[in-house]
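Residues in the sequence shown are numbered consecutively from 1, following the working numbering. Have a look at the structure below before the remarks.
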Amino acid sequence: MKSIFLPVTPQSMAVAPLQAAARLALANQATLNTLFIQNDPRTIIPFLGEGLTADMMQSMYEAAEQEVQEQEHAAYQTFLKAMNKSGMPVREAPDSKPYGANARWHVIQGSVGEQVGKRARTADVAICLKPDTAISDTVEIFNDLIYHSGRPVIMVPPDFPEGQEHPKLAAFHYMNSLIAWNGSVECARAVAAARPFRWSDRIMHIVQIGATKTGRAGLKDLALYLSEHRIDTCEVSAETDSQSVGAQILAVAQAERSDIIIAGAYSHNRWRETVLGGVTKYLVTHSTMPVFFCH
């Protein structure tokens, strides 16, 4: 694992994913590519209407450009402060060959949908802030990574412990991990993508809520697969009850003192998950711990 991708915007900039990504990069001697996506000043100017002179348009453009520059400067200072606190070296020359752990800052103008998913495809893993419906960029970044990158995504809550206070936890090392299993393609991808991280030298907990669908691999099949990779597991199975499956997974995670959940994302179609809800939506909304997702 040598390449980590972290997309941010002025609205979604936060310290937690920056420090988590830096600690992960340091632990793996990897490159952290932070992509700052800013608005094109020309798109901020309202549609031309009657009564707007050329001078007025120029003045509006200059004001918009100034705002964009100020946002970039503030975001870059937050980035530098987080890297410094984590002990992460920053490379100013973005095209130089990486040697060991290093962080890079890239700036591009455009929209999240045009940039995030496509650029994440050449990373080993993407990290993002937990989506917040009050901050539309966080939702858009998460969805674009999940649906369009083809890469695993680590969702980090905004209050994730800072590195210097919890160095092992913030580096995603020695974390008690829980695999939420249902035998789906998405779950299988998540397990395979997460395996190289070796979250912990301890026993890994695996949970299945209810029975798997006919023809799908069950919990014992997963345990056998992991044992072939010399990973010891503890199986936790539970019958479905009045709680949602997502709520039961979080309850198991709390009972087993898990630090991170590994899960497939959006096993059902997107319309059903968005309108009716599902396990992914519940974990995104209610989890207070990082979640490693794969679609």
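All C-beta atoms in this analysis are idealised placements derived from N, C-alpha and C, irrespective of residue type, glycine included.
In this structure, the straight-line span from the alpha carbon of Leu219 to that of Ala126 is close to 27 Å. Pairing Ala22 with Ala101, the inter-Cα distance amounts to about 9 Å. Taking every protein chain shown into account, the CB of Val116 has 16 or more other CB atoms within 10 angstroms, so this residue is buried.
For Cys234, the number of other beta carbons within 10 angstroms of its own is below 16, and it is reported as exposed.
The C-beta of Ser12 has 16 or more other C-beta atoms within 10 Å across all chains shown, which makes the residue buried. Distance from the CA of Arg189 to the CA of Tyr225, rounded to the nearest whole angstrom, comes to 13 Å. For Met204, the enclosing beta strand (DSSP E) stretches over residues Met204 to Ile209. Annotated three-state conformation of Thr34 is strand, per DSSP.
For Val139, the enclosing alpha helix (DSSP H) has its first and last residue at Ser136 to His148.
The Cβ atoms of Val112 and Thr280 do not sit closer than 8 Å to each other. Straight across, the Cα-Cα distance linking Leu250 with Val153 is about 19 Å.
For the pair Lys2 and Asn33, the CB atoms are not nearer than the 8 Å cut-off.
Assignment of beta-bridge partners to His106 by DSSP yields Leu35.
In the DSSP annotation of this structure, Gly100 is not part of any beta strand (DSSP E), being labelled neither H nor E. In this structure, Ile262 sits away from Ala123, with a CB-CB distance that is not shorter than 8 Å. Cβ-Cβ distances below 7 Å link Ile209 to Ala238, Thr240, Val245, Gln248 and Ile249 in the same chain, with the five nearest sequence neighbours on each side left out; the list follows chain order.
Taking all protein chains shown into account, Tyr282 has 16 or more neighbouring C-beta atoms within 10 Å of its C-beta and is therefore buried. The three-state reading of DSSP puts Ala180 in strand, counting E and B together.
For Phe79, no pairing in a beta bridge is given by DSSP. Of the candidates Gln19, Ser227 and Gly183, the residue whose Cα lies closest to the Cα of Arg216 is Gly183.
Under DSSP, Met155 forms a beta bridge with Cys128 and Val291. Comparing C-alpha distances from Val284 to each of Met57, Ile146 and Val252 shows the shortest one belongs to Ile146.
Take Asp40, set aside five residues on each side of it, and the residues of its chain with a beta-carbon closer than 6 Å to its own are Gln109, in chain order. Distance from the CA of Asp55 to the CA of Ala63, rounded to the nearest whole angstrom, comes to 12 Å. For Pro161, the three-state secondary structure derived from DSSP is coil.
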